[in-house]
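K.L.:
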Amino acid sequence: MPNTASLTICDVTLRDGSHAYNHKITADQIYAYAKASEESGFDYLEVGHGNGLGASSLQVGESLLSDYEMLRYAKNVLKNTKLSVHVIPGFATLQKDIEPAIKLGVDLFRIGCHCTEADISQKHISFIRSAGKEAWGVLMMSHMASAEVLLEECKKMQSYGAQGVVLMDSAGAYTPSETSKKISVLVENLEIPVGFHAHNNLGLSIANSLSAIETGARILDGTAKGFGAGAGNAPIEIIAALVKKLNYPTNINLYKALDAAELAANLFSGSLPKSDSITIVSGISGVFSGFSKPVVRIAEKYKIDPRDILTELGLKNAVGGQEDLIVEVASVLALKSK
Amino acid sequence: MNKLPIAILGTGNIGTDLLIKILRSKYLECRLFSGRNLSSAGMVKANSLNIPISSDGIDAILNFKSDLALVFDATSAESHIHNAPLFAKKGIIAVDLTPAKIGEMCVPAVNLNDCLALKNVNMITCGGQASIPLACAITQSNPNSVQYLETVSSIASRSAGPATRINLDEYISTTELGINKFTGCAKTKAILVLNPAIPYVHMQTTVMASISNPDIERTRARVHEMVAEIKKYIPGYELVLQPTMENGRLITSVRVKGLGDYLPKYAGNLDIINCAAIAFAESIANRY
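Chains as they are written, first to last, in the numbering used here: chain A, 1 to 338; chain B, 1 to 288.
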């Protein structure tokens, strides 16, 4: 039986991929990939620093290009595919970051926060809605909360005016059964569409994405060749093929999506994510995928096992944005190992 | 010696924690605890401690039967903008715990003596109180070579009340302005992260800097001195990562354990701004 509910596909290659590229994506790469994403028929293309607007910093890494430059390059190329940005309150402010992005023509603002902290998104969501732009809520590190807690947080975002909510498996820690349980609770109890954003630390990004749409999710995030933080995201070309096989209506041109993935493999060769002992330990420890690269770098400096750092960060329940903990944890572990 | 008569306006987490600290003070006496809601948790607590309470907000302070030398304003930036001229007219010193930024910014370890003659001082933010002394130590040790300063604070979700949550942007801009003002560094950035982990995490503040030619030994020595200075009024302020160069940036971190007065010890963010406010008020008391 054909599936009748249409899916919205968000290509977050030029945002999550920023983590895999030390936030050094160039203008040429943005031009070339944005054009390919547009031709693939993806509904949204998300662009920017891995941690979103206003996040370029010593804490999470400095971008090669400013937010403004990155968004302008993408905007110049996009016609049908809408431009989206990731926004984390605590990093991005209305005045410094969101107002300029609205002026620049960003279509969708995805306001993200740690999965139990939805109330910090209120001001940002309502501001964007009152400016006549589209706003979704995003709950990050959502493996750390139960379905019931996530529902409460999503309901808050819905009440602030969010027009969609996305659960992010920022640590790549979900299993398919956990995905279907959480997604189905949200789908049954919310009035707005629900989405899922996978990471592949435990090799389950596509399985979890499938689980999500089978239980009613209507939005999926993916990246070309999985180009993203940690072990990467759900490869969007595989999502494209899968939803075609399952007859979900989408705007995707499959061959173009496959071509876009090959293009990304060339553009970002050498930086495509791969599964290794770091990303696996990161997944079972439930640590934010964006930590992988700095953890490896800092472990080398302190001559300790990066997996020990990840395990310790997991025990400390570190959340995204707490990258400064890595140096402190490493310095303490190095002292202990002497 | 007579204690300095003070009032607290605002009965949320900050106001109530201030009250508990003032009850211990040898120099301050809380004559009035005023807010809007007699059934708020803070108000109930104050009443149980036999502190005079009122739900008339600022009016109760302006019409108070005897003299009040100083008021801690723990309401909101918007309210403080309204309240400040009224306090000034009554000759009451205002210690502003909101991000209203009307008065001179005060970080006791850095500029206490410059603030003692002022009628309105602003306590910046919790992250500002934790980071500015470190940022000053870094710029003092590396004159003319600090190009950029950044601070990140992570706090327990449970310690961030509704006002904090709705005002993250104000937190960021006030903290950035504070670092800029105290260090002269033009390019600053502040980030705030809420962590819901249970057991609750302690407040942790990190300062990072881009420095063209860092003198790391001198910076370490100065940071240690500064931390010792802060510990005098914030006992739970502890250096957990001494200044270290990593990936071209200087990074140093402190953890702030609270005294566990109103909220438990994890709420170092409440403690640090309140300890700073009390350090200022006690210095005023000692001048009388």
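We put the beta carbon where it would ideally sit given N, CA and C, even for glycine. All values reported here derive from a predicted model rather than from experimental measurement.
1. Of all Cβ atoms in chain A, is any one closer than 8 Å to the Cβ of L177/B?
2. For the segment 79–99 of chain A against the segment 109–124 of chain A, are there 3 or more C-beta pairs whose distance is under 8 Å?
3. Spatial neighbours of S275/A within its chain, please: C-beta separation below 8 Å, excluding the five flanking residues on both sides.
4. Using a Cβ-Cβ cut-off of 8 Å, state whether E99/A counts as contacting chain B.
5. Here's the rule I'm using: 16 or more other beta-carbon atoms within 10 Å means buried, otherwise exposed. How should M1/A be labelled?
6. List, in chain order, every chain A residue whose beta-carbon is nearer than 7 Å to that of R249/B.
7. With DSSP as the reference, label H202/B as helix, strand or coil.
8. Which runs of the alpha helix (DSSP H), 4 residues or longer, sit entirely within the segment 137–200 of chain A?
9. From V107/B to S141/B, what does the alpha carbon distance come to, in whole angstroms?
10. Let me know if G178/B comes out buried or exposed under the rule of 16 or more other beta-carbons within 10 Å of its beta-carbon.
11. Name, going along the chain, the residues of the segment 107–125 of chain A whose beta-carbon falls closer than 9 Å to a beta-carbon of chain B.
12. Let me know the secondary structure DSSP gives G268/B once reduced to three states.
13. Nearest to C126/B by alpha carbon, out of I53/B, L241/B, T183/B, T164/B?
14. So, at 7 Å on beta carbons, what are the nonlocal neighbours of R287/B in its own chain, with the 5 sequence-adjacent residues on each side left out?
15. Who are the neighbours of S173/B on chain A, taking C-beta pairs under 9 Å?
16. Ignore the nearest five residues each way along the sequence and tell me which others in A261/A's own chain have a CB closer than 6 Å to its CB.
17. Below 6 Å CB to CB, which residues in the same chain sit around M203/B once its five sequence neighbours on both sides are set aside?
18. How long is the line joining the alpha carbons of P196/B and E153/A, rounded to whole angstroms?
19. With C-beta atoms as the reference, is H23/A less than 8 Å away from G54/A?
20. Just checking D305/A against the ligand NAP - is the residue's beta carbon closer than 7 Å to any of the ligand's heavy atoms?
21. Going along chain A in order, which residues have a C-beta closer than 7 Å to the C-beta of E150/B?
22. Are the C-beta atoms of N274/B and some chain A residue less than 8 Å apart?
23. Name the chain A residues whose beta carbon is nearer than 9 Å to that of D56/B?
24. For chain A, is any of its Cβ atoms less than 8 Å away from the one on A197/B?
25. Just to confirm the assignment, what range does the beta strand (DSSP E) spanning F109/A have?
26. Does the Cβ of E117/A have 16 or more other Cβ atoms within 10 Å, making it buried, or fewer, making it exposed?
27. Run down chain A in chain order and give the residues with a C-beta less than 9 Å from the C-beta of M208/B.
28. Excluding sequence positions up to five away, which residues of its chain have a Cβ less than 7 Å from the Cβ of L78/A?
29. Name, please, each residue of chain B whose Cβ falls closer than 8 Å to the Cβ of R129/A.
30. Out of curiosity, what's the CA-to-CA distance linking L194/B and I14/B?
P.N.:
The short version:
1. It does not; no Cβ of chain A falls within 8 Å.
2. A contact exists between the segment 79–99 of chain A and the segment 109–124 of chain A.
3. Excluding the 5 residues flanking it on each side, S275/A has same chain C-beta neighbours closer than 8 Å at N200, N201, G203, A231, in chain order.
4. Chain B contact via Cβ: absent.
5. Here M1/A scores only 44 on pLDDT, less than 50, and its place in the model is too uncertain to base an answer on.
6. Ordered by position in chain A, the residues that pass the 7 Å Cβ test against R249/B are L58.
7. In this structure, H202/B counts as coil in the three-state DSSP scheme.
8. You should have 147–160, 176–189.
9. One C-alpha to the other measures close to 19 Å.
10. With 16 or more other Cβ atoms from the protein chains shown falling within 10 Å of its own Cβ, G178/B counts as buried.
11. For the segment 107–125 of chain A, the set of positions with a beta-carbon nearer than 9 Å to some beta-carbon of chain B reads C113, H114, C115, T116, E117, D119, I120, Q122, K123, H124 in chain order.
12. In the structure shown, G268/B sits in a helix (DSSP, three-state: H, G or I).
13. Nearest of I53/B, L241/B, T183/B, T164/B to C126/B, Cα basis: T164/B.
14. Residues of the same chain with a CB within less than 7 Å of the CB of R287/B, apart from the 5 flanking positions on each side, are L116 in chain order.
15. Taking a Cβ-Cβ threshold of 9 Å, the residues of chain A close to S173/B are T93, Q95, K96, in chain order.
16. Cβ within range, chain order: A224, K225, E237.
17. For M203/B, where only same-chain residues beyond five positions count, the Cβ hits under 6 Å are I155, V256, G268, N269.
18. Taking the straight line from one Cα to the other gives about 13 Å.
19. For H23/A and G54/A, no; Cβs fall outside 8 Å.
20. Among the components of this structure there are no ligands whatsoever, and the ligand NAP is therefore not found.
21. Neighbours of E150/B on chain A, chain order: S57, L58, Q59.
22. No, no contact with chain A.
23. Here the premise fails: no neighbours, minimum Cβ distance about 29 Å.
24. It does; some Cβ of chain A falls within 8 Å.
25. For F109/A, the enclosing beta strand (DSSP E) stretches over residues 108–114.
26. Burial call: buried.
27. Simply S57, L58, Q59, D324.
28. Excluding sequence neighbours, L78/A sits near A34, E38, L45.
29. Chain B residues near R129/A: none, gap ~16 Å exceeds 8 Å.
30. Cα to Cα, the separation comes out at about 17 Å.
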